[in-house]
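The structure under discussion appears below in the form of structure tokens.
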DNA sequence: ACTACTATTAGTACCTAGTCATAAGATCTC
DNA sequence: GAGATCTTATGACTAGGTACTAATAGTAGT
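Residue numbers (the working numbering), protein chains in the order written: chain A, 29 to 222; chain B, 29 to 222.
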């Protein structure tokens with residue numbers, strides 16, 4: 029025994045955790061034991077073989093991708109939308125959106141939800157944010173659900189600017205307020221709207 | 029020939045593209061040809077075998093992960109920093125940051141760089157954005173490098189607010205300007221600073 | 001010293017999803 | 001009908017394993 033079995037198995041776990049691409053042969057070399065010992069260890073620890081490990085990583089990537097791609101288009105999920113008028117989206121604050129230390133949501137995520145909703149509500153090919161005036165009323169914590177409501181205030185076809193107001197709430201409490209001046213490339217299609 | 033060779037190879041490419049986890053046997057079944065034909069096709073199209081494909085996906089996921097974890101803390105890379113005074117970060121606009129249609133960077137990414145730099149420059153345990161007044165001067169395109177410069181304007185220990193101004197440039201041209209009013213939990217440690 | 005036990009190593013057969021090379025049959029074109 | 005291209009079959013070999021059996025080494029208890 030180079031070291032105790034327990035020790036080796038603990039290290040084996042960690043080694044594979046941080047590099048799932050390592051073969052039994054390499055592991056045997058690393059721990060100065062036979063390949064069979066490594067296999068027994070994996071069996072006891074129920075660590076799958078190299079190919080299964082790699083497959084698992086790849087499959088997770090695939091899942092993540094299909095999840096992140098549509099979400100990337102609009103931050104949060106749109107639940108109501110009337111083009112050039114109003115829109116509502118919800119956004120669940122998860123681990124990846126918060127500061128590690130205090131679990132408070134990073135400002136730019138709350139902003140991103142509001143901003144992308146402001147972009148989405150504009151009935152146009154090209155909508156860009158020109159200016160924004162925002163206020164974070166209170167901090168949002170991990171686990172909370174933010175409901176953003178966008179309202180188109182004015183559509184000025186002359187200079188191609190549209191003002192959108194976005195209010196975001198957690199449990200009916202205002203947490204964020206923003207006024208977005210949006211640039212649009214074309215005239216609004218529905219001129220009867222105010 | 030069920031269909032022409034070219035046709036089949038085109039479809040093969042697409043099939044594997046959208047599901048890299050498919051075996052030659054399944055592909056042979058799907059296209060009603062022998063396994064050998066599929067292998068010849070892959071050879072001609074230089075599509076690697078199943079295991080190599082899976083490995084590639086898994087490896088990319090690994091790269092992405094180590095890249096995204098530290099970057100997530102501050103959007104962009106900090107290249108200069110004097111706490112409570114100034115800071116500079118760079119941010120390369122890539123595919124995932126732009127609108128598909130026009131390759132223009134989504135506003136919230138440019139905002140995120142500026143906002144997280146404003147958070148980082150504050151010499152405090154807890155720094156949150158309270159208000160922000162921002163202007164997008166011109167749109168930023170995919171492939172461009174945005175350099176954000178943050179400057180602490182005032183530190184008011186009385187109400188625990190700090191004003192940070194962030195200017196972002198592409199090739200020395202101002203693309204974004206923002207004034208952030210930051211909330212901080214404690215007094216600044218260096219009171220001699222203005 | 002002998003036994004009991006765990007830990008380790010060795011060896012074999014088998015598996016999947018391939019590779020490479022060769023040969024033979026099928027189909028299309030001229 | 002001959003050639004060229006395409007398709008299929010066959011056999012030998014590979015990596016990185018599983019599953020199982022068997023032998024050996026080392027330590028502890030009596």
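Here a beta-carbon is modelled for each residue, glycine too, at the ideal position from N, C-alpha and C.
Exposed or buried, what is residue 169 of chain B when buried is set at 16 or more other beta-carbons lying within 10 Å of its beta-carbon? By one-based count along the second chain, residue 169 of chain B stands at place 141. Classification of residue 169 of chain B: exposed, given that the 10 Å Cβ count is below 16.
Is the Cβ of residue 186 of chain A closer than 8 angstroms to any Cβ of chain B? As a first step, residue 186 of chain A must be located in the first chain, where it is residue number 158. Chain B, which has no Cβ nearer than 8 angstroms to the Cβ of residue 186 of chain A, makes this no.
How would you label residue 96 of chain A, buried or exposed, when you count the other beta carbons within 10 angstroms and need 16 or more for buried? Position 68 of the first chain, counting from 1, holds the residue named residue 96 of chain A. Unreliable placement is indicated for residue 96 of chain A, whose pLDDT of 45 sits below 50; the coordinate value is still reported in the next sentence. Exposed.
Residues of chain A with a CB under 9 angstroms from the CB of residue 167 of chain B: which are they? Along the second chain, read from residue 1 onward, the residue named residue 167 of chain B stands at position 139. The contacting residues are 156, 211.
On the DSSP letters alone, give me the boundaries of the beta strand (DSSP E) that residue 20 of chain A sits inside. The first residue shown for chain A is 29 and the last is 222, placing residue 20 of chain A beyond what the model contains.
On the DSSP bridge assignment, give the partners of residue 197 of chain A in chain order. Against the first chain, residue 197 of chain A aligns to sequence position 169. A/175, A/202, per the DSSP bridge assignment.
Between residue 193 of chain A and residue 201 of chain A, what straight-line distance do the alpha-carbon atoms span, to the nearest angstrom? For the purposes of this step, residue 193 of chain A is taken as residue 165 along the first chain, with counting starting at 1. For the purposes of this step, residue 201 of chain A is taken as residue 173 along the first chain, with counting starting at 1. Distance between the alpha carbons of residue 193 of chain A and residue 201 of chain A is about 16 angstroms.
Specify the secondary structure class of residue 98 of chain A as computed by DSSP and reduced to three states. Counting from one through the first chain, the residue named residue 98 of chain A turns up at place 70. Because the pLDDT at residue 98 of chain A is just 45, under 50, the model does not fix this residue reliably, and the value given afterwards should be weighed accordingly. Residue 98 of chain A: helix per DSSP, three-state reduction.
Identify the residues that DSSP records as bridge partners of residue 210 of chain A: which are they? Sequence index remark: in the first chain, residue 210 of chain A carries index 182 (1-based). DSSP, once it has assigned bridges, lists A/157, A/190 as partnering residue 210 of chain A.
Taking the alpha carbon of residue 167 of chain B as the point to measure from, which residue in B/205, B/85, B/43, B/157 has its own alpha carbon closest? In the second chain, residue 167 of chain B corresponds to position 139, counting from 1. Residue 167 of chain B has its Cα closest to that of B/205, out of B/205, B/85, B/43, B/157.
Classify residue 45 of chain A: buried if its beta carbon has 16 or more other beta carbons within 10 angstroms, exposed otherwise. Position 17 of the first chain, counting from 1, holds the residue named residue 45 of chain A. Exposed, because fewer than 16 other Cβ atoms sit within 10 Å of the Cβ of residue 45 of chain A.
Using a C-beta cutoff of 8 angstroms, does residue 134 of chain A count as contacting chain B? Position 106 of the first chain holds residue 134 of chain A. For residue 134 of chain A, the answer is yes, since a Cβ of chain B falls inside 8 angstroms of its Cβ.
Classify residue 117 of chain A as buried or exposed, calling it buried when 16 or more other Cβ atoms lie within 10 Å of its own Cβ. As a working mapping, residue 117 of chain A is identified with position 89 in the first chain. With 16 or more other Cβ atoms within 10 Å, it is buried.
Contact list for the segment 67–83 of chain A against chain B, Cβ threshold 9 angstroms: 79, 81, 82, 83
Any beta carbon from chain A within less than 8 angstroms of residue 151 of chain B's own beta carbon? Here residue 151 of chain B corresponds to residue number 123 of the second chain, with the count starting at 1. No, residue 151 of chain B lies away from the interface with chain A (no Cβ there is under 8 angstroms from its Cβ).
Where residue 35 of chain B sits in the DSSP three-state scheme: The residue given as residue 35 of chain B occupies position 7 in the second chain. Looking at residue 35 of chain B - three-state DSSP - the assignment turns out to be helix.
In chain A, which residues lie with their C-beta within 7 angstroms of the C-beta of residue 160 of chain B? In the second chain, counting from the first residue as 1, residue 160 of chain B sits at position 132. In chain order: 162.
Which of the three DSSP states, helix, strand or coil, is assigned to residue 152 of chain B? For the purposes of this step, residue 152 of chain B is taken as the residue at position 124 of the second chain. In the structure shown, residue 152 of chain B sits in coil (DSSP, three-state: anything other than H, G, I, E or B).
Out of A/188, A/42, A/174, state which residue places its alpha-carbon closest to the alpha-carbon of residue 132 of chain A. Here the question's residue 132 of chain A lines up with position 104 in the first chain. Of the listed residues, the one whose Cα sits closest to residue 132 of chain A is A/174.
Under a CB-based cut-off of 8 angstroms, is residue 144 of chain A close to chain B? Along the first chain, read from residue 1 onward, the residue named residue 144 of chain A stands at position 116. At least one chain B Cβ lies under 8 angstroms of residue 144 of chain A.
In chain A, what lies closer than 8 angstroms to residue 176 of chain B by C-beta? Walking along the second chain from the start, residue 176 of chain B turns up at place 148. Simply none; closest approach about 13 angstroms.
Would you say residue 179 of chain A faces chain B, with C-beta separation under 8 angstroms as the test? As a position in the first chain, residue 179 of chain A is number 151, starting the count at 1. Taking Cβ atoms only, chain B never reaches closer than 8 angstroms to residue 179 of chain A, which makes this a no.
Range of the contiguous alpha helix (DSSP H) that encloses residue 53 of chain B: The sequence position of residue 53 of chain B within the second chain is 25, counting from 1. 52–59 is the extent of the alpha helix (DSSP H) around residue 53 of chain B.
Same chain, Cβ closer than 6 angstroms to residue 98 of chain A, five either side skipped, listed in chain order: Translated into the one-based positions of the first chain, residue 98 of chain A becomes position 70. Low per-residue confidence applies at residue 98 of chain A: pLDDT is 45, beneath 50, and the placement is therefore not dependable enough to give any value.
Do the segment 78–88 of chain A and the segment 79–89 of chain B touch if we need at least three Cβ pairs shorter than 8 angstroms? yes
Between the C-alpha atoms of residue 1 of chain A and residue 58 of chain B, what's the straight-line distance to the nearest angstrom? Residue 1 of chain A cannot be examined here, being either before or after the span of chain A that is shown, 29 to 222.
Go ahead and pull the three-state DSSP assignment for residue 90 of chain A. Within the first chain, numbered from 1, the residue matching residue 90 of chain A stands at position 62. In this structure, residue 90 of chain A counts as helix in the three-state DSSP scheme.
Can you tell which of B/86, B/89, B/90, B/35 has the C-alpha that lies nearest to the C-alpha of residue 66 of chain B? Here residue 66 of chain B corresponds to residue number 38 of the second chain, with the count starting at 1. Taking only the C-alpha atoms, the option nearest residue 66 of chain B is B/35.
At a CB distance below 8 angstroms, what residues from the segment 186–206 of chain A approach chain B? Give them in sequence order. none
Please confirm if residue 131 of chain A has its CB atom under 8 angstroms from at least one CB of chain B. For the purposes of this step, residue 131 of chain A is taken as the residue at position 103 of the first chain. Not closer than 8 angstroms to any Cβ of chain B, the Cβ of residue 131 of chain A fails to qualify, so no.
Reduced DSSP category for residue 83 of chain A - H, G, I as helix; E, B as strand; rest coil: Counting from 1 along the first chain, the entry for residue 83 of chain A is found at position 55. Here residue 83 of chain A sits in helix by DSSP.
I want to verify the contact list: residues of chain A whose CB lies under 9 angstroms from the CB of residue 126 of chain B, in sequence order. Here residue 126 of chain B refers to the residue found at position 98 of the second chain. Ordered by position in chain A, no residue passes the 9 angstroms Cβ test against residue 126 of chain B, which lies about 10 angstroms from the chain.
Closer than 9 angstroms by beta-carbon distance: list the chain A residues that pair up with residue 140 of chain B, in chain order. Taking the second chain and counting its residues from 1, one reaches residue 140 of chain B at position 112. 134, 135, 136, 137, 139, 140, listed in chain order.
Burial state of residue 38 of chain A, where buried means 16 or more other Cβ atoms lie within 10 Å: Mapped onto the first chain, residue 38 of chain A falls at position 10. Exposed, by the Cβ-count rule.
Segment limits, alpha helix (DSSP H) that includes residue 69 of chain A: As a working note, residue 69 of chain A is residue 41 in the first chain. Residue 69 of chain A -> alpha helix (DSSP H) spans 63–72.
Whole-angstrom Cβ separation of residue 176 of chain A and residue 119 of chain A, contact assumed at under 8 angstroms? Against the first chain, residue 176 of chain A aligns to sequence position 148. Against the first chain, residue 119 of chain A aligns to sequence position 91. With a Cβ gap of about 7 angstroms, residue 176 of chain A and residue 119 of chain A count as contacting.
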